[in-house]
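*Asks:*
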Amino acid sequence: MNITVKAHFNKQTKDSKKELVQFYVTGEDERRPELNQMTREVVILSITGMDGVELTAEFKKSAKDSKKTILEFEVKGDSSASQTFEFYKLAGTDVELSITESQMDLDEFREQQAEYREGVKGKINADGTVDVDPNQAKLPLEGEAAAAEIIATTQEGTKVPVSDDDLPY
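Per the numbering used here, residue -13 is the first one in the sequence shown, and the count goes up by one each step.
#1: Any idea if F(-5) is buried or exposed, counting beta-carbon neighbours within 10 angstroms, 16 or more meaning buried?
#2: What are the uninterrupted segments assigned as beta strand (DSSP E) that are 3 or more residues long and contained completely in the region 40 to 89, given in chain order?
#3: Considering only their Cβ atoms, is the gap separating Q(-2) from V(-9) smaller than 7 Å?
#4: Just the C-alpha distance for E14 and T55, rounded to the nearest angstrom, thanks.
#5: By the three-class DSSP mapping on this structure, what secondary structure does A(-7) have?
#6: Using three-state DSSP, classify G108 as helix, strand or coil.
#7: Give the DSSP-derived three-state secondary structure of D119 in the structure shown.
#8: Would you call the region 24 to 37 in contact with the region 79 to 94, where contact means no fewer than 3 C-beta pairs closer than 8 Å?
#9: Could you check the C-alpha separation between T12 and E40 for me, to the nearest Å?
#10: Can K62 and T42 be called in contact, C-beta distance under 7 Å?
#11: When you compare only the Cα positions, how much space is there between K53 and G38?
#12: Would you tell me roughly how many angstroms separate the C-alpha atoms of A112 and K3, rounded to the nearest one?
#13: Which residue's Cα is closest to the Cα of N(-12): E5, R18 and D51?
#14: What are the boundary residues of the alpha helix (DSSP H) that E5 is part of?
#15: Can you tell which of L57, Q89, Q23 and R26 has its C-alpha closest to the C-alpha of A(-7)?
#16: Excluding five sequence neighbours on each side, which residues of the same chain lie with their C-beta closer than 8 Å to the C-beta of K50?
#17: Select from M90, Q69 and K75 the residue whose C-alpha is nearest the C-alpha of F156.
#18: Here's a check: name, in chain order, each residue in its chain whose Cβ is nearer than 7 Å to the Cβ of I110, leaving out the five neighbours to either side.
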């Protein structure tokens, strides 16, 4: 199923756990029964005029009030940053939104979300240091050299200069 609606791209928010996009639909498009049928499904979002830019998302909810219908989507974590940035540039404008039902089911979507958000596991010690399994993460060579230099200067008791002034903060 594929539907196209005229909508106002209200907002796009991102935190450490999820990324949400929200659209307001008014007029005849908000009465379309297809919107209710696709709620709680995995969909592909695209905006007319932005060729090749698509976001895979879970259609979280559709809420109606006296003035508008609010469509809220949770974006899949591995969507490329450039594609989400292209969408973000249109926040606050009126767009023609295409919502296409995805072949992915909700369980697959949530499984991929969990994998994407897994992160690095470790133990935080009382002294503030962190023990991480060396097989989980590896710094690039430049990062390893910089980290080794910082560790060496702090272990020798010398303070790493942050700025030229003598102020404590």
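Glycine included, each C-beta is placed from N, C-alpha and C at the ideal position.
*Replies:* This is what the structure holds:
#1: buried
#2: 40 to 50, 55 to 61 and 80 to 87
#3: no
#4: 11 Å
#5: strand
#6: strand
#7: coil
#8: yes
#9: 23 Å
#10: yes
#11: 32 Å
#12: 26 Å
#13: R18
#14: Unbroken run through E5 is the beta strand (DSSP E), E5 to V11; no alpha helix (DSSP H).
#15: L57
#16: E16 and I56
#17: The displayed coordinates of the chain run from -13 to 155. Any statement about residue 156 would go beyond what the structure contains.
#18: V116
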